[in-house]
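**Student:** Just passing along the structure, written as structure tokens.
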Amino acid sequence: MSVPSEHLFILAVVLFAIGAAGFFLRRNVIVVLMCVELMLNAANLSFLAASRMHSLAAGATKPSLEGPTFAIFVIVVAAIEAAVGLALVIALYRTRQTVSLDAVTDLKD
Amino acid sequence: MADALFYVMAIAAVLAALGVVLAKNPMQCVLSLLACFFALAIIYLLAGFQFLAAAQILVYAGAIMVLFLFVIMLLNLGAPGAEDPTDTRMFSRANSALMVVVAAALLFVGALAVRRAGPMPVTRELPAEGLDPIPGLAGEMFGRYLLPFEAISVLLLATAVAVVVLAKRDGRAKSGGNA
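So the sequence lines, in the order shown, correspond to chains A and Z.
Just add 43 to the spot in the first sequence (first one is 1) and you have our numbering.
Just add 23 to the spot in the second sequence (first one is 1) and you have our numbering.
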């Protein structure tokens with residue numbers, strides 16, 4: 044693939060903006076968590092795009108491995124975040140019978 | 024050929040991401056997210072990250088998506104007509120225009136940053152073993168990044184404990200009632 048790396052960065056930016064918009068707009072906790080996953084994926088893509096940019100630049104001899112390593116860490120953190128978030132959703136549903144963020148304003152009131 | 028496939032997959036990923044935000048039913052959101060993850064895995068593969076593409080499929084599409092589907096089915100949120108009424112009018116709330124503007128500003132700033140970074144042409148051939156060879160990756164992870172690796176293993180253990188505590192059916196109230 045000979046696509047320049049900035050196109051990968053642009054895709055990461057677009058996905059991050061869509062995820063952020065969903066995070067702000069939606070009120071269903073589960074969908075909000077999915078939007079966080081979307082943003083983490085965009086971050087992953089930009090890590091890999093940066094790694095690709097350095098690995099395929101003129102004069103580079105071996106692939107730069109920081110990007111893939113951090114992408115693996117991000118994947119692990121995303122899995123942890125989904126597990127804890129969904130456990131919280133289940134605890135919330137058990138006490139309130141709702142998954143709407145509008146119903147959970149205890150600290151605001 | 025590979026270039027055309029990249030652009031097709033990029034468009035598919037963006038459309039699927041829009042589906043996550045705009046779909047009314049949480050089940051449709053999960054399936055859109057799954058499509059987005061698969062498109063991203065193909066993009067990783069095209070860009071030369073073979074191991075990361077496999078990890079993306081295994082961890083995201085295999086584990087995380089199953090977790091989301093499991094919770095949606097457990098709470099019975101995917102039934103037709105079970106949409107959250109607050110989400111059916113998500114664009115008509117008072118501050119939703121502001122939120123869209125914030126997201127558009129993020130998009131604009133990001134695009135500007137990429138533009139300022141200048142062109143990043145591909146000047147070398149992709150090596151046959153890809154850009155994330157597993158021996159090299161293992162050397163990084165168990166060498167330079169050994170401490171973060173151990174920290175993340177502790178984090179995983181703490182998560183396992185925390186999830187059990189959170190999702191357990193009110194154990195404290197029960198034991199309090201018996202005492």
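Even glycine gets a Cβ: it sits at the ideal position worked out from N, Cα and C.
#1: Would you say V127 of chain A reaches chain Z, if we count a Cβ-Cβ gap shorter than 8 Å as a contact?
#2: Using a beta-carbon distance below 8 Å, is V46 of chain A in contact with chain Z?
#3: Residues of the region 69-87 of chain Z in Cβ contact with chain A at a cutoff of 8 Å, in chain order, please.
#4: In terms of residues, what are the limits of the alpha helix (DSSP H) holding A46 of chain Z?
#5: Is the beta carbon of A40 of chain Z sitting closer than 8 Å to the one on G62 of chain A?
#6: Is it buried or exposed for F165 of chain Z, if we count other Cβ within 10 angstroms and need 16 for buried?
#7: Could you check if L99 of chain A belongs to the surroundings of the ligand NAP, using beta carbon to heavy atom distance under 7 Å?
#8: For the alpha helix (DSSP H) that contains F93 of chain Z, what are its first and last residues?
#9: So what does DSSP say about S176 of chain Z, is it helix, strand or coil?
#10: Could you check if V124 of chain Z is buried or exposed, using at least 16 other CB atoms within 10 Å of its CB as the buried criterion?
#11: Does the CB of V56 of chain A have a neighbour CB from chain Z at under 8 Å?
#12: When you compare only the Cα positions, how much space is there between A76 of chain Z and L150 of chain A?
#13: Chain A partners of F29 of chain Z, CB-CB under 7 Å?
**Tutor:** To lay it out plainly:
#1: Sequence index remark: in the first sequence, residue 127 of chain A carries index 84 (1-based). Chain Z contact via Cβ: present.
#2: By 1-based counting over the first sequence, the position of residue 46 of chain A is 3. Yes, V46 of chain A counts as interfacial toward chain Z.
#3: L69, A70, G71, F72, F74, L75, A78, Q79, V82, Y83, A86 and I87
#4: By 1-based counting over the second sequence, the position of residue 46 of chain Z is 23. No alpha helix (DSSP H) contains A46 of chain Z, which DSSP labels as neither H nor E.
#5: Taking the second sequence and counting its residues from 1, the one referred to as residue 40 of chain Z is at position 17. Taking the first sequence and counting its residues from 1, the one referred to as residue 62 of chain A is at position 19. Contact flag set, yes.
#6: For the purposes of this step, residue 165 of chain Z is taken as residue 142 along the second sequence, with counting starting at 1. It counts as exposed.
#7: The model depicted lacks the ligand NAP and carries no ligand whatsoever.
#8: In the second sequence, the residue the question calls residue 93 of chain Z occupies position 70. Run containing F93 of chain Z: M88 to L97, per the alpha helix (DSSP H) assignment.
#9: In the second sequence, counting from the first residue as 1, residue 176 of chain Z sits at position 153. Secondary structure of S176 of chain Z (DSSP, three-state): helix.
#10: By one-based count along the second sequence, residue 124 of chain Z stands at place 101. That one is exposed.
#11: If you number the first sequence from 1, residue 56 of chain A lands on position 13. Closer than 8 Å to some Cβ of chain Z, the Cβ of V56 of chain A qualifies, so yes.
#12: Walking along the second sequence from the start, residue 76 of chain Z turns up at place 53. Walking along the first sequence from the start, residue 150 of chain A turns up at place 107. The straight-line gap from Cα to Cα measures roughly 41 Å.
#13: One-based indexing of the second sequence puts residue 29 of chain Z at position 6. What F29 of chain Z touches in chain A: M44 and V46.
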